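Report on the following structure.
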Amino acid sequence: MGRAFGWAMRKRDVRTDGPLALLEATSNVEVIGCRGGGKSAPSKVVMYSDLCDAHTLGWMVGHSPRKIVIVDFGTTAEVVASLVENIRRTMVGMLIMVVGVGGQTKIVSESNGQRVQVVNKDVGRVQMNTSGVIDKAIGLHGAEKFFADMDAAWEQIQRDSVYGNQKIEWSEGIGEDRECSGKAGGRPGYRDFFCGCEDVRNAWTQRA
Numbered sequence: 397m398g399r400a401f402g403w404a405m406r407k408r409d410v411r412t413d414g415p416l417a418l419l420e421a422t423s424n425v426e427v428i429g430c431r432g433g434g435k436s437a438p439s440k441v442v443m444y445s446d447l448c449d450a451h452t453l454g455w456m457v458g459h460s461p462r463k464i465v466i467v468d469f470g471t472t473a474e475v476v477a478s479l480v481e482n483i484r485r486t487m488v489g490m491l492i493m494v495v496g497v498g499g500q501t502k503i504v505s506e507s508n509g510q511r512v513q514v515v516n517k518d519v520g521r522v523q524m525n526t527s528g529v530i531d532k533a534i535g536l537h538g539a540e541k542f543f544a545d546m547d548a549a550w551e552q553i554q555r556d557s558v559y560g561n562q563k564i565e566w567s568e569g570i571g572e573d574r575e576c577s578g579k580a581g582g583r584p585g586y587r588d589f590f591c592g593c594e595d596v597r598n599a600w601t602q603r604a
């Protein structure tokens, strides 16, 4: 989902409805790469280990943002907390918004779950309800147009080779089960994880 979100942001015009800049963090830089250019926002891809170093923070400062939005697609709470802490220290007074899209796909103990809740509260993490976004979009445009746009976006994602290095398995409802049980691995991709709509709301969602 994170890669699809980055793809959608790069398709926007930085002068109108695009972000000022786009920073993506990953465990494997090569699988994402940078596909900017044209009128899209300046972008950078870094390893999680480099997310809070001086060079990355300097890149963020260099764009003179007034607000930083962190969209979390399921990394650890500690990674997000460390990023927020470093932004607060480097850019004092910066307005920061943390939006959670999904979460870590693993089973956690009750104590770890409580610890994550404390960390999320400290950074002000707001969990996105994709079902609500979809319902709103369908209410505005109708189900037929919504799903037609969603399928069109998926076809464009494939043409743009956004997931060109992954094996796509066409199935229904098994992606999340395999992720939670640790059987998915790093390469296989599941369409139910990638579907989204290229509408202004960019309602990316899991589809069973």
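Numbering-wise, our numbering comes out as the position in the sequence shown, counting from 1, plus 396. In this text, a Cβ means the ideal position worked out from N, Cα and C, and glycines have one as well. A quick note: this is a predicted structure, and the numbers were derived from the prediction, not measured.
| query | result |
| --- | --- |
| Among Val475, Arg408, Leu491, Ile492, whose alpha-carbon lies nearest the alpha-carbon of Asp446? | Val475 |
| Note down the Cα distance separating Met456 from Glu540, rounded to an integer number of angstroms. | 40 Å |
| Look up Val558 in the DSSP assignment and say whether it is helix, strand or coil. | coil |
| Assuming contact is defined by CB atoms lying nearer than 7 Å, are Ala437 and Val410 in contact in what I supplied? | yes |
| Along the chain, where does the beta strand (DSSP E) that runs through Arg521 open and close? | 521 to 523 |
| What is the residue span of the beta strand (DSSP E) that Leu416 lies within? | No beta strand (DSSP E) contains Leu416, which DSSP labels as neither H nor E. |
| Would DSSP call Ser505 helix, strand or coil? | coil |
| Would you tell me roughly how many angstroms separate the C-alpha atoms of Val529 and His537, rounded to the nearest one? | 12 Å |
| Using a Cβ-Cβ cutoff of less than 6 Å, which residues in the same chain neighbour Leu491 once the five nearest sequence positions on both sides are dropped? | Lys463 |
| Exposed or buried, which one is Asn508 when buried takes at least 16 other CB atoms within 10 Å? | exposed |
| Which residues does DSSP list as the beta-bridge partners of Gly496? | Asp468, Gln523 |
| According to DSSP, Lys440 sits in a beta bridge with which residue or residues? | Leu419 |
| Can you give me the C-alpha to C-alpha distance between Val497 and Ser460, rounded to a whole angstrom? | 26 Å |
| Under 7 Å, do Val465 and Met487 count as touching if we go by C-beta distance? | no |
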